[in-house]
Amino acid sequence: MLRNLDFSNLKASLLQILMSLVIVLISLTFHEVAHGWMADKLGDHTAKERGRLSLNPFAHLDPIGFFCMLLFGFGWARPVPIDARNFRHPKRGMALTALAGPVANLLLAFVILIPYEIIMACDAHGAFMNSSEFTINLIYACLTFIFTFHYMNISLAVFNFFPVPPLDGSRVLYAILPEKYYFGVMKYERYISLGIMLLLVTGLLDKPLTFLTGAISGGMRWLLELLPFFG
2 MLRNLDFSNL KASLLQILMS LVIVLISLTF HEVAHGWMAD KLGDHTAKER GRLSLNPFAH
62 LDPIGFFCML LFGFGWARPV PIDARNFRHP KRGMALTALA GPVANLLLAF VILIPYEIIM
122 ACDAHGAFMN SSEFTINLIY ACLTFIFTFH YMNISLAVFN FFPVPPLDGS RVLYAILPEK
182 YYFGVMKYER YISLGIMLLL VTGLLDKPLT FLTGAISGGM RWLLELLPFF G
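Each residue of the sequence shown is one higher than the one before, starting from 2 at the first, in our numbering.
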């Protein structure tokens, strides 16, 4: 992400920063709203009552998570308040609510890939052969935005699927593990969070996360290519 920018081209770098800001705000917002929406459907209206079903991105921002997402491509938002006691089946409710966020990002990533593949298919058939330089530059900018949006949403989903607190995967783990083991792990949540930050900063998570993100992206493109228009 931003740590890979080439600041020798100031204009391009500023555009990249602006594009990344917009993408991060949209991605984190839909992620958290999905958590709150699922909780609301399962009987817990806490998020709705506290205004966390809002599409206003500033209602969901966590400064550190936002910075990490912007800088490293992996991050988090301010957690939506959830009271598992309001679920008919608390463990299942927590797991489904946790899964809703990453799944929302995967859906966004898949949907945004459709116009990308349409543009690429049109280009392959010579649709832009006689286009002006302005049109070509505009198309390139759109493709860059769309694919960055696609890739960052997959990255956010992959990162949050990790079964370590405070990420969403840990809530899924709660539904699987006996409570004594789960709460034994949760005692060390603060240290685990610091460990994750350290791994992000040092780049030790880059290769596995990038591999998983690329594999999912490739799978989505493969699915689209099964359709006659894209194939």
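By construction, the Cβ of each residue, glycine as well, lies at the ideal position given by its N, Cα and C atoms.
Selected residue, minimal CA-CA separation from residue i, among the options
i	options	result
V34	L19, R53 and V25	R53
L201	A40, K42, F160 and L15	F160
F73	L157, W38 and E190	L157
L71	P58, H90, L19 and W38	L19
L227	I115, D84 and G44	I115
R89	S132, D45 and I27	D45
P80	K188, F150, A99 and A176	A99
H36	G170, L97 and F135	L97
G76	S21, Y182 and L144	S21
A78	I120, P58 and N87	P58
P167	K188, N154 and H151	K188
P164	I197, F146 and S133	I197
L224	F146, P179 and A110	A110
M221	N154, T136, A40 and F146	N154
I65	P91, A122 and L199	L199
P209	F162, G185, F184 and I177	F162
T214	T149, R51 and V25	T149
E118	L174, P82 and H151	H151
P82	T47, P91 and L108	T47
Residue i, buried or exposed, once every other Cβ within 10 Å from all chains shown has been counted against 16
i	result
N138	exposed
G102	buried
F67	buried
N106	buried
Y182	exposed
H126	exposed
A216	exposed
T136	exposed
Three-state secondary structure (DSSP) of residue i
i	result
N131	coil
L62	coil
V23	helix
H32	helix
F163	coil
R172	helix
G52	coil
G37	helix
L178	coil
L43	coil
L228	coil
- Message: Threshold first: 4 residues or longer. Then list the alpha helix (DSSP H) segments lying entirely within the region 180-225, N to C.
- Response: Counting only runs of 4 or more, we get 180-187 and 190-203.
- What runs of the alpha helix (DSSP H), each 4 residues or longer, lie entirely inside the region 84-159? 91-125
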